[in-house]
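Residue numbers (our numbering): 3 to 630. The structure under discussion appears below in the form of structure tokens.
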């Protein structure tokens with residue numbers, strides 16, 4: 003560490019020079035690397051040894067203060083520099099770079115304009131720095147002016163400057179301009195290609211990014227990671243994992259950014275096996291468990307239903323930030339550990355870590371899943387009263403969910419009426435779902451009406467309202483709704499369950515027979531259901547909302563996607579392996595009851611992540627305590 007070497011140098015009586023301080027100040031410029039007081043002490047030593055006017059030392063000082071967000075001190079240091087009072091390009095470049103590091107992109111651009119007014123000649127490094135600030139700050143107008151100035155200055159062709167121009171246009175979403183520049187470059191390198199790929203990814207044009215990626219003459223870790231992250235951002239998680247396998251075959255080593263993208267994909271798929279392998283890969287290749295990686299692993303383990311391992315990672319992360327605490331609070335909440343999530347929130351406060359908006363979503367979710375209505379109200383009120391955080395629409399959504407699950411539908415409706423912002427379709431959908439559970443047609447119809455005003459094509463609104471009518475034996479209204487859906491071309495979202503076995507993701511849809519092992523799966527499911535019936539299981543046909551015979555209703559229930567996934571797992575997995583399933587919709591009551599009984603008869607542990615929470619089934623019981 004430079005600081006330790008410097009202390010040893012002073013202890014030996016050696017005198018520092020202009021080459022001593024820049025590494026120290028560079029370390030101090032890294033946010034969080036050392037306390038700000040260390041940088042101040044180094045500055046004092048610079049003055050003590052009379053080096054504050056040396057251009058390289060001064061530029062390091064300016065960079066440090068600007069990176070810390072102290073633009074006033076940074077600019078004051080620049081203004082006392084020689085060279086006719088205007089400073090040198092290296093000091094101005096440091097000022098712009100420091101502002102960029104502290105995400106003050108506008109200040110970085112303004113500093114460039116000040117530099118021009120001071121008559122200081124820009125260097126290629128100047129242009130690269132300010133173009134990056136334009137891209138990050140989405141200032142395409144200044145970027146275009148810079149482009150014109152660069153052409154007039156005669157700097158081009160300069161590969162690094164050309165790459166900075168391509169990247170600026172791509173960051174600002176101006177892909178046509180970026181493409182034209184790219185096509186006109188006499189020489190390109192990996193950075194040129196990757197900038198363009200990243201631009202297409204940011205716009206969600208993953209297919210175009212992939213075409214470009216496949217054309218690259220060579221690829222490095224950054225380009226592979228850009229493409230993998232593109233798939234993750236587009237919700238194409240299986241494609242992200244497949245691309246990572248291709249990366250391994252290409253012998254390109256992943257870094258922490260690659261692995262965080264992979265872990266994120268595993269989290270969304272519930273792919274615990276692959277997530278565990280990713281952690282082994284990180285350990286083997288020396289990727290440290292820093293806050294960035296640790297937070298991603300906590301989220302992955304939580305979303306895969308392995309909260310114990312999430313807590314292990316939490317305990318391994320020594321430098322925790324608010325995202326670390328929030329990730330573990332949310333993980334505990336959705337995995338049925340509401341009280342523990344609230345205890346973790348208390349620990350967070352004792353650690354002097356201030357909660358933010360997302361933290362309170364975790365705390366309110368904990369109260370929702372544990373049925374802690376009074377505590378939820380208290381936390382909601384404390385947001386403004388204690389923490390000066392204005393609740394947003396997501397916090398109100400949590401409150402509607404909390405009250406709705408508890409059957410307090412009238413209070414939930416009144417809460418919506420008091421919202422300071424317009425209720426979203428998600429708010430009305432949450433209330434409608436609660437009305438379906440509690441059989442309240444009056445409020446349910448109102449919620450459905452409001453939901454369809456905001457989102458006329460929302461299939462879930464029609465399905466929930468249809469189910470509500472069916473529970474009230476209003477079959478005429480059910481038929482009318484189905485006719486409306488047919489006329490509008492609105493289709494019900496099919497139930498889908500994912501399960502990972504030996505690193506492969508298997509997908510099941512209700513009643514589907516496309517899986518290569520379909521014959522064995524359905525045969526196994528028939529045997530399982532026979533065993534359940536012999537033990538007293540009676541299908542809950544109240545969960546079937548079509549007017550058919552009891553026997554036909556039972557057949558509809560038998561082939562739900564999560565039952566097919568369980569049957570498949572019983573066929574191919576060892577009895578000691580926990581069965582983990584991810585479902586896209588809320589789990590129905592019949593599947594919930596059936597899986598509870600399966601864990602008792604077959605002595606298996608089954609974890610199901612549905613649209614709203616986790617269900618940990620063991621010994622005939624569920625962690626949700628039948629409250630979901």
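Glycine included, every Cβ here is placed at the ideal spot set by N, Cα and C.
Asked                                                                                                                                                               : Found
Use the C-beta contact count for residue 163: other C-beta atoms within 10 angstroms, 16 or more gives buried, fewer gives exposed.                                 : buried
Taking DSSP's pairing of strands, which residues face residue 498 in a bridge?                                                                                      : 511
Between which two residues does the beta strand (DSSP E) harbouring residue 619 extend?                                                                             : 616 to 620
Thinking C-alpha only, which one of 142, 141 and 151 is nearest residue 128?                                                                                        : 151
Here's the rule I'm using: 16 or more other beta-carbon atoms within 10 Å means buried, otherwise exposed. How should residue 172 be labelled?                      : buried
DSSP three-state label for residue 174, please.                                                                                                                     : coil
Can you check whether the CB of residue 30 is closer than 8 Å to the CB of residue 100?                                                                             : no
Distance check for residue 93 and residue 103, CA to CA, integer angstroms please.                                                                                  : 15 Å
On the DSSP bridge list, what partners appear for residue 623?                                                                                                      : 620
Taking just the CA atoms, how far does residue 397 sit from residue 363?                                                                                            : 6 Å
In the DSSP assignment, what residue or residues form a beta bridge with residue 610?                                                                               : 583 and 617
Does the Cβ of residue 189 have 16 or more other Cβ atoms within 10 Å, making it buried, or fewer, making it exposed?                                               : exposed
Could you tell me the alpha carbon to alpha carbon distance between residue 131 and residue 56, rounded to whole angstroms?                                         : 22 Å
Residue 261 and residue 233 look like a contact to me (Cβ under 8 Å); what is the Cβ gap, rounded to whole Å?                                                       : Incorrect: roughly 15 Å between the Cβ atoms, too far for contact.
Find out if the Cβ-Cβ distance for the pair residue 568, residue 597 is shorter than 8 Å.                                                                           : yes
Return the CA-CA distance between residue 530 and residue 601, expressed in angstroms with no decimal places.                                                       : 11 Å
Any idea what DSSP makes of residue 291, helix, strand or coil?                                                                                                     : coil
Pick from 487, 445 and 305: whose alpha carbon is nearest that of residue 609?                                                                                      : 305
Tell whether a beta-carbon distance below 8 Å holds between residue 271 and residue 507.                                                                            : yes
Comparing alpha-carbon positions, which option in 461, 375, 505 and 224 lies nearest residue 278?                                                                   : 505
I'd like to know if the segment 352 to 370 and the segment 400 to 407 are in contact, where contact means that at least 3 CB-CB pairs between them fall below 8 Å.  : yes
List the whole-angstrom C-beta distance separating residue 170 from residue 195, where the pair is believed to meet the contact cut-off of C-beta under 8 Å.        : With 8 Å as the limit, residue 170 and residue 195 do not qualify as a contact, their Cβ atoms being about 16 Å apart.
According to the neighbour-count rule (16 or more other Cβ atoms, all chains shown, within 10 Å of its Cβ), is residue 87 buried or exposed?                        : At residue 87, the pLDDT of 47 sits below 50, so the modelled position is not reliable and the matter cannot be decided from this model.
Would you mind reading off the limits of the alpha helix (DSSP H) that contains residue 24?                                                                         : 23 to 31
Taking buried to mean at least 16 other C-beta atoms within 10 Å of its own C-beta, is residue 624 buried or exposed?                                               : buried
Could you tell me the boundaries of the alpha helix (DSSP H) in which residue 128 lies?                                                                             : 126 to 138
Taking residue 1 as the reference, give the member of 325, 106, 308 and 355 with the closest Cα.                                                                    : There is simply no residue 1 to check, as the chain begins at 3 and stops at 630 in what is shown.
Along the chain, where does the alpha helix (DSSP H) that runs through residue 642 open and close?                                                                  : The requested residue 642 is not part of the displayed model; the chain covers only 3 to 630.
Residue 97: which of 153, 387, 120 and 62 sits nearest, CA to CA?                                                                                                   : 62
With DSSP as the reference, label residue 87 as helix, strand or coil.                                                                                              : Note that residue 87 scores 47 on pLDDT, short of 50, meaning its location in the model is unreliable and no value can be drawn from it.
Hey, would you say residue 431 sits closer than 8 Å to residue 437, going by beta carbons?                                                                          : no
Looking only at its chain, what residues have a beta carbon closer than 8 Å to the beta carbon of residue 2, apart from the 5 residues adjacent to it on each side? : Absent from the structure is residue 2, since the part of the chain shown begins at 3 and ends at 630.
Count the other CB atoms within 10 Å of the CB of residue 477; is the residue buried (16 or more) or exposed (fewer)?                                               : exposed
In chain order, what residues of the same chain lie with their CB nearer than 6 Å to the CB of residue 179, ignoring the 5 residues before and after it?            : 171
Got a sec, what are the start and stop residues for the alpha helix (DSSP H) residue 81 sits in?                                                                    : 73 to 81
May I ask you to report which of helix, strand or coil DSSP gives residue 503?                                                                                      : strand
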